[in-house]
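This report refers to the structure that appears directly beneath it.
Number of protein chains: 4
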Amino acid sequence: MSSSMGKIVKITLFGESHGPAVGCVIDGLVPNIKLDLEHIEKRLSQRRPGQSHLVTSRKELDRFEILSGTYDGRTTGAPLTVIFPNTDKKSEDYDVAKKVFRPGHADYTGFVKSQGANDPRGGGHFSARLTAPLVFAGALAEQLLLSRGIKIAGHIASIGMAKSLSLSDFSGYNEELMALDDTKYNIFESHQKQLLEEVERAKDTDDSVGAVVEIAVFGLPVGLGSPFFDTVESQLSYGVFSIPAVKGVSFGDGFDFAKKKGSEVVDAFVLDHQGNVKTNANHNGGINGGITNGMPLLMKCVFKPTASIGRAQETLDFDAGELTHLEIKGRHDPCVALRAVPIVKAVTAFTLLDMIMMQYGVAYNES
Amino acid sequence: MSSSMGKIVKITLFGESHGPAVGCVIDGLVPNIKLDLEHIEKRLSQRRPGQSHLVTSRKELDRFEILSGTYDGRTTGAPLTVIFPNTDKKSEDYDVAKKVFRPGHADYTGFVKSQGANDPRGGGHFSARLTAPLVFAGALAEQLLLSRGIKIAGHIASIGMAKSLSLSDFSGYNEELMALDDTKYNIFESHQKQLLEEVERAKDTDDSVGAVVEIAVFGLPVGLGSPFFDTVESQLSYGVFSIPAVKGVSFGDGFDFAKKKGSEVVDAFVLDHQGNVKTNANHNGGINGGITNGMPLLMKCVFKPTASIGRAQETLDFDAGELTHLEIKGRHDPCVALRAVPIVKAVTAFTLLDMIMMQYGVAYNES
Amino acid sequence: MSSSMGKIVKITLFGESHGPAVGCVIDGLVPNIKLDLEHIEKRLSQRRPGQSHLVTSRKELDRFEILSGTYDGRTTGAPLTVIFPNTDKKSEDYDVAKKVFRPGHADYTGFVKSQGANDPRGGGHFSARLTAPLVFAGALAEQLLLSRGIKIAGHIASIGMAKSLSLSDFSGYNEELMALDDTKYNIFESHQKQLLEEVERAKDTDDSVGAVVEIAVFGLPVGLGSPFFDTVESQLSYGVFSIPAVKGVSFGDGFDFAKKKGSEVVDAFVLDHQGNVKTNANHNGGINGGITNGMPLLMKCVFKPTASIGRAQETLDFDAGELTHLEIKGRHDPCVALRAVPIVKAVTAFTLLDMIMMQYGVAYNES
Amino acid sequence: MSSSMGKIVKITLFGESHGPAVGCVIDGLVPNIKLDLEHIEKRLSQRRPGQSHLVTSRKELDRFEILSGTYDGRTTGAPLTVIFPNTDKKSEDYDVAKKVFRPGHADYTGFVKSQGANDPRGGGHFSARLTAPLVFAGALAEQLLLSRGIKIAGHIASIGMAKSLSLSDFSGYNEELMALDDTKYNIFESHQKQLLEEVERAKDTDDSVGAVVEIAVFGLPVGLGSPFFDTVESQLSYGVFSIPAVKGVSFGDGFDFAKKKGSEVVDAFVLDHQGNVKTNANHNGGINGGITNGMPLLMKCVFKPTASIGRAQETLDFDAGELTHLEIKGRHDPCVALRAVPIVKAVTAFTLLDMIMMQYGVAYNES
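Protein chains in written order, with the numbering used here: chain Y, 1 to 367; chain U, 368 to 734; chain H, 735 to 1101; chain B, 1102 to 1468.
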């Protein structure tokens, strides 16, 4: 396995869904940061299961314990370790998975990779529960970015056939985006009804549905990233593709570029009122040649429909060597995107913090 | 900058468009490999400019010189260095870029990042010419994968409004894919006319057009990759997003997942005639939980329309501090995808080789 | 901070002397290893304080808890996390250190590095207690090396003026070395009295004394390591110099080479009875050009006398800005080497395991 | 192989003694540095062979060509590639080594590692000629450190039985050290005669002799380094042990600590006249707990006597499978240390620059 990400600020994720705890070690933090526990709790609560009938009913309180790296509530610069003890474990729900590989899940690939020695309970190390410590680390990174004037907005841009607004229409982090951050599912109030109806419909038919999450980052410095091989796109996609169920990542106009003419997507350089270089459009999503250009960074990622659905599916009984009908009784989300925005934000924040530390060092905020 | 990629097999890219040479160092190669120079030349020729009226007329012969790491035509295990001396440099074409930042290019971001010290001639280190040594390294990686039974197919899946076949319809590397590999532009013969018409149309209007490149990898072992953070998707997208003009990367059904129901995209596990585990569909593109499942790996990436177009564009004259009309006289591709397939293949091959060496070591081919 | 070591098999250390726990995450382990808990306990007991009047009386039972990465007593391949909860914390002993920097310790440098935010209790993250999880990881690595026929011997070669045997006199891991491994302090029985007398003498005068630890590794494959920059010496010294109090590392004849003639230190190649290439002497400590040559690997490292001594020392009261007399009441070892051999073995085993995995992959044991 | 060193500023070495060229890629340099070519040439000349009867007569002019990464004589921030074409290659001298492994050299280990595919001419990639690009990179790093007020002194502390001064007697970089930097062999004028007599004696008897090189670094910030695992000692020794013939590295009192009492080696903290924290002695060589304490950093490394000596040596004829007499006719140094000081300085400078960039970022010089 390779469970670490980052060059200067590094995170190492560990744990299994039904083991004693999941957690992470965050290394390379600057000392003397007072942890914003309120912000961390807010992000954790946005990811937390069990909060409505539209998300999995597994009830984890996501209580965490900091084992190292802080003193008097401040970082010391030594590795910060946080664990989330596992409390609500219903292993019996998953017993069937030991012999019958669930389609679309990592049961089979995890089994082969570990030569049969993997922890099969609840997906083991492959569980989405691992995203809890990831969100902790990301919330901390977000706090550090904020102190440098960098703000991250995120929302569900579409679910099934229902589309919401586009973050490309926002030139700055305004009150509407602040309000968005306080919504239950990170959906713009104006579009919540339509989007959730898609989830309800999937749930009512024992089905699930895909979605797109969109991120905008405001306030990044110009010049972040490298052409080969550490482009902004390379580094962000590296992290985002670790999030379970993500199958596509794009920047700016993304896959819409495929059908466009060059003359339709020109981001011409102009000067704004303060004399700063801007572009008069943002098809490139704030990135030229792999490097930030000062415009809002725009990223989209697609979440596939949850592979676990209530309906019976035909699949392989590996022991018996024959097909079988599998009915997954576990508690599942009909649309994982409802809890995914804080996770995408976390990966985005952590990656950008690491890139900034790599390129500018600790003194960035003062320059 | 961070100009290296890979953990066990590493590549470091260097050079500028109009400097003495571009090249790379490939480190971590196993010794005693006889270089398949014919294959390397084939891949280089597929990337080479100047071959038809549809691609840039810059004429580089792409002659390379190996400076280190081989003896008697075989790798020694020491770092292999290859350089491509620059011959056809027309700096005057690019003079205008020193003061006027071309929209959609890295002129502005490169200028800021380097504090004004960048080599502005032909994009300097940001030039697509850097992909020549990348293709060399990828061709070598492809040769090594082939000796392990792993084959990579790649083609242009769409240009503008014209669509070609889908590689998801191929269950193995067959004669049709072999023929594809010998086409001039890596387009299926059956669809070449439609796709190239899109390019002609763009060229005739001094414009450019976007495209999608699709890759399929056959013969990968089951179990390659990790859940956090080295998923197959993470590592491949990291490399592919370094290719100039790529703005989106997806796997399997990719962004089409957004509108789909879970019941529509089930890859049920079955046994094939030899008793091997397969899935009866491949919506997940050969990857479950970030790990290969033995089905063909399917990846798409989108290339934005070339930013340099023949038409005059309005942009900023940075010295004068005012808007100006920019006419780019350089020799440009109306559709970069026509030369991009060998580059995407190269990044794919190199990344997969590194992952295989990382996970299985040198003895993989014997196991 | 950078609290990780290793490329394929990685360890990340965390924790503070008086925080909730110290521990580590070990990533990159192959799956399906049954942990040899008896061996791990043996190594931990050799490092443990509080076992005789010659070592610090801090009584840690070194009870550990495995939080992740195992299932049914076997590794799963997912990150293995182990913590050692801190139990016997007497913070008051160390209170003085908050204002008065102890000479030879990291109080001052840790204070500056963390901008005053470090945990001052018991040295915080700088505590030698961090070596407990390191020994755990090393014992596990040693178990894996053993399954590949690689054995590590280690002992105290000298304390003060008293010298013991040299491991260069052993051509294989024999019964004498097995007996050595069961001694209380890793000192050859024949020399224990003289060496411990040096410690007694230091202790009786409220002083401390330096020592040399010597390591021999038998059974390494020929060809491990690289000339630039991953020589065997580079990688081992990198790890060994992380052990608190180590101030010098050498291989083979080490610093004795300084006074020698080339003709005196020739390791001529010969064939042994089985037709294997050997050298008729081992001045180079089993390494030529940074690469193992099949002879026993010989390494020495020097431990400085414990900086904390019972005597009053003059040092700086940082708050008052003037000199003061410091009497350190904490429980200290008069000779840290008495508990250091398992730590040096741990770093050696872990580093070699990582090098072997890097170079040969998981299949090494079968080749 | 692993031919790279560094985290932020990285060097990748390549080339073979008798191939087209040796060279390196330096990545991660800040842009806009005007190369101090005079300083680079000075360091290269101190390493260059062929300058007196006491060093090998191989005559390399060490002419270099910069292939990438500079524009108008300044760094651009893109990877800087420099090559040293090989000119004076006398392969015939080394022909014997193809079959007969020279004792103390990497002929055998390199042969096994490369499965017989290595370039045997002049040691191939194992040649000390690879240190030419290393010295180039180090000289550039030294220039950057100098601009931050950090100065590196280095000299030969002893050859055989003859000892020179100790750098621990210097509290700052004074005129005597400046004069030292201009001597032919980096030996204090006062001791040159005695030390060179040891070399003459070895040469006259067709023998070679060992030596110790000592380094002092003045002006380092307090707080550089980490406790686990990136101690200053770990990182410097990692680099220094890559230098051919180095078999031991130590800091401060080094192996002399072994015989000392704690009370004899106290570095008590005091305030100097400017109110800065200093220690009243420097037994720890400027490092406490793996972190710089503001005192001069003191490092020693031992060079074994050149393995190639004029005398006939008995060794193995691998093809014949029997012992043979080997007479090495190549041009060799009776004492490699005579050309080694610039190499040790180079590794020291490069490693410290990388550590500073890692910890403080580009803005360090302004803070």
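We put the beta carbon where it would ideally sit given N, CA and C, even for glycine.
Partner residues on chain H for residue i, Cβ-Cβ distance less than 8 Å
i	result
S3/Y	V759, D761, A812 and P813
Y1339/B	F963, S968, Q969, S971 and Y972
Partner residues on chain Y for residue i, Cβ-Cβ distance less than 8 Å
i	result
V576/U	K260, K261 and G262
G516/U	Going along chain Y, no residue has its Cβ under 8 Å from G516/U, so there is no contact; the nearest lies around 17 Å.
R782/H	Within 8 Å Cβ-Cβ: nothing; R782/H doesn't reach chain Y, min ~21 Å.
Chain U contact residues for residue i, given Cβ-Cβ distances below 9 Å
i	result
A1122/B	L434, S435 and T448
I309/Y	K628, G629, S630 and V633
Terminal residues of the alpha helix (DSSP H) in which residue i lies
i	result
L591/U	First-last for L591/U: undefined, no H or E at that position.
L501/U	T498 to L513
L1278/B	E1276 to D1282
V452/U	According to the sequence displayed, residue 452/U carries Pro and not Val. Segment L447 to P452 is the beta strand (DSSP E) holding P452/U; no alpha helix (DSSP H) there.
M722/U	V708 to Y727
Proximal residues of chain H, C-beta to C-beta of residue i below 9 Å
i	result
M722/U	By Cβ distance, chain H contributes nothing, its closest Cβ being about 12 Å from M722/U, past 9 Å.
G1062/B	Within the shown structure, residues of chain B are numbered from 1102 to 1468, placing residue 1062/B beyond reach of any answer.
Cross-chain neighbours of residue i in chain H, by beta carbon under 7 Å
i	result
E1334/B	F975
Y1209/B	F1003, V1011, N1022 and N1027
Buried or exposed (CB count within 10 angstroms, at least 16 for buried), residue i
i	result
S976/H	buried
Q274/Y	exposed
G312/U	Since the first residue shown for chain U is 368 and the last is 734, residue 312/U is missing from the structure and cannot be characterised.
L1281/B	buried
I11/Y	buried
E733/U	Low confidence applies to E733/U: its pLDDT is 42, below 50, so where it sits in the model is not reliable, and the reading given next is rough at best. Flag for E733/U reads exposed.
R63/Y	exposed
M372/U	buried
S514/U	exposed
Segment limits, beta strand (DSSP E) that includes residue i
i	result
K993/H	Unbroken run through K993/H: none, as it is neither H nor E.
Q1414/B	Q1414 to D1418
Residues of its chain near residue i, where Cβ-Cβ distance is below 7 Å and the 5 sequence neighbours each way are ignored
i	result
Q680/U	P470 and L693
K374/U	D721 and M725
F555/U	H522, S531, L532 and L547
Close-in-space but distant-in-sequence residues of the same chain around residue i (CB under 6 Å, 5 per side omitted)
i	result
A875/H	A1083, F1084 and L1087
Q46/Y	P342
H492/U	E383
G1120/B	none
V1036/H	V946, K981 and G982
T306/Y	S208, H332, D333 and V336
Partners in chain U for residue i, counting only beta-carbon separations shorter than 7 Å
i	result
A268/Y	P470, Q680, E681 and T682
Interface residues of chain B facing residue i [CB-CB closer than 8 Å]
i	result
S751/H	Those within 8 Å of S751/H in chain B number zero; the least Cβ separation is about 12 Å.
Chain-ordered chain Y contacts of residue i [CB-CB under 7 Å]
i	result
F622/U	G248, F255 and V302
A583/U	Here the premise fails: no neighbours, minimum Cβ distance about 16 Å.
By the 7 Å beta-carbon criterion, what residues does the stretch 1012 to 1031 of chain H contribute toward chain U?
Of all residues in the stretch 1012 to 1031 of chain H, none has a Cβ within less than 7 Å of some Cβ in chain U.
Note down, in chain order, all residues in the stretch 1214 to 1243 of chain B with a beta-carbon under 7 Å from any beta-carbon belonging to chain H.
Within the stretch 1214 to 1243 of chain B, the residues whose Cβ lies closer than 7 Å to any Cβ of chain H are, in chain order, K1214, H1226, F1227 and L1231.
Short of 9 Å Cβ to Cβ, which residues in the stretch 1276 to 1295 of chain B face chain U?
Residues are counted here when their Cβ sits less than 9 Å from a Cβ of chain U; for the stretch 1276 to 1295 of chain B the count is zero.
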